[in-house]
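Here the sequence shown stands for residues 564 to 747, numbered as in this note's numbering.
All remarks here apply to the structure that follows.
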Amino acid sequence: MVAVANMSGQQQDLFEKEKNDPAMIAYLKALGIDPDYKPPTNDDRRVVIQKLEIVFKDGHESAVLEVETPEQQAAAKKKPMVIKEGSEYKIRVTFRVQHTLVAGLKIISVVKKMGAELNKEEEMLGSYPPKNEFASVDIGGGDFMEAPKGAFSRGEYKAHMKFMDDDKACHLDFEYTIKISKDW
564 MVAVANMSGQ QQDLFEKEKN DPAMIAYLKA LGIDPDYKPP TNDDRRVVIQ
614 KLEIVFKDGH ESAVLEVETP EQQAAAKKKP MVIKEGSEYK IRVTFRVQHT
664 LVAGLKIISV VKKMGAELNK EEEMLGSYPP KNEFASVDIG GGDFMEAPKG
714 AFSRGEYKAH MKFMDDDKAC HLDFEYTIKI SKDW
């Protein structure tokens, strides 16, 4: 846990060193570095993924999958996230980085139907310093995608998602279910 205390101290030291330079203070804050960051003492995780959310363009209530705890991750496979066929949606992930900077955070996602791999994507989210609060990022740059439609596209899809970084550290690896349905 020495590195944990050091990162928090390093951030505070940066702001202390530059306290007489308002432009530098503003620059450090613009980089996302939090002068008030306090690392948790009871959670060693570097990245905490709070939830995965499917946001619909038409304003329909979002489908939310909480994945912060091991119990929530285990339950993710059992309760499908429902998407109406042909609807436009985007996927949002809410997370926080703690203790130390995470460089090159990315999501690797695989979607299968009846055992056949239909889609595999890798998306770079970026690098993040530790923060006290959670942040949300829309996958795919925030563009809406259209859900497949038609009788053959309906049904349950098994999805597998991993959150990795440039150091090859796996921050979360879980499975969940998506259901494409004719109606909500």
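C-beta atoms are modelled at their ideal positions from N, C-alpha and C, and glycine is treated no differently.
All values derive from a computational prediction rather than experimental measurement.
As assigned by DSSP and simplified to three states, the class of residue i
i    : result
F726 : strand
K592 : helix
F689 : This sequence places Gly at residue 689; Phe is not what is there. The answer is strand: DSSP assigns G689 an E or B state.
E579 : helix
A679 : strand
A639 : coil
E709 : strand
A626 : strand
A732 : coil
A586 : helix
E631 : coil
G667 : strand
G718 : strand
Top-ranked residue by Cα proximity to residue i, from the options
i    : options                   : result
I702 : A638, T740 and K614       : K614
A666 : M644, E685 and P693       : P693
H723 : A593, H623, K683 and W747 : K683
G705 : D576, D746 and Y652       : Y652
E696 : D584, I617, Q661 and S672 : Q661
H734 : D599, D607, L577 and D597 : D607
D597 : P585, T604, A586 and Q575 : Q575
E560 : D584, T604, E629 and D728 : The requested residue 560 does not occur in the structure, where the chain is confined to residues 564 to 747.
Y691 : G595, D584 and A589       : G595
I670 : K642, P643 and E738       : E738
D599 : Y590, N605, F578 and M587 : F578
Test item: CB-CB of residue i and residue j under 9 Å
i    : j    : result
F658 : V611 : yes
K582 : V645 : no
K676 : S650 : no
K580 : K640 : no
E616 : V656 : yes
L688 : V700 : yes
K647 : H623 : yes
V618 : I654 : yes
E719 : T740 : yes
R609 : A698 : no
Assumed close pair residue i, residue j - CB separation to whole angstroms, cut-off 8 Å
i    : j    : result
L664 : F726 : Wrong, their Cβ atoms sit about 15 Å apart, outside the cutoff.
task: Please determine if the segment 708-715 and the segment 628-637 are in contact, where contact requires at least 3 C-beta pairs separated by less than 8 Å.
output: At 8 Å Cβ cutoff, the stretches do not touch.
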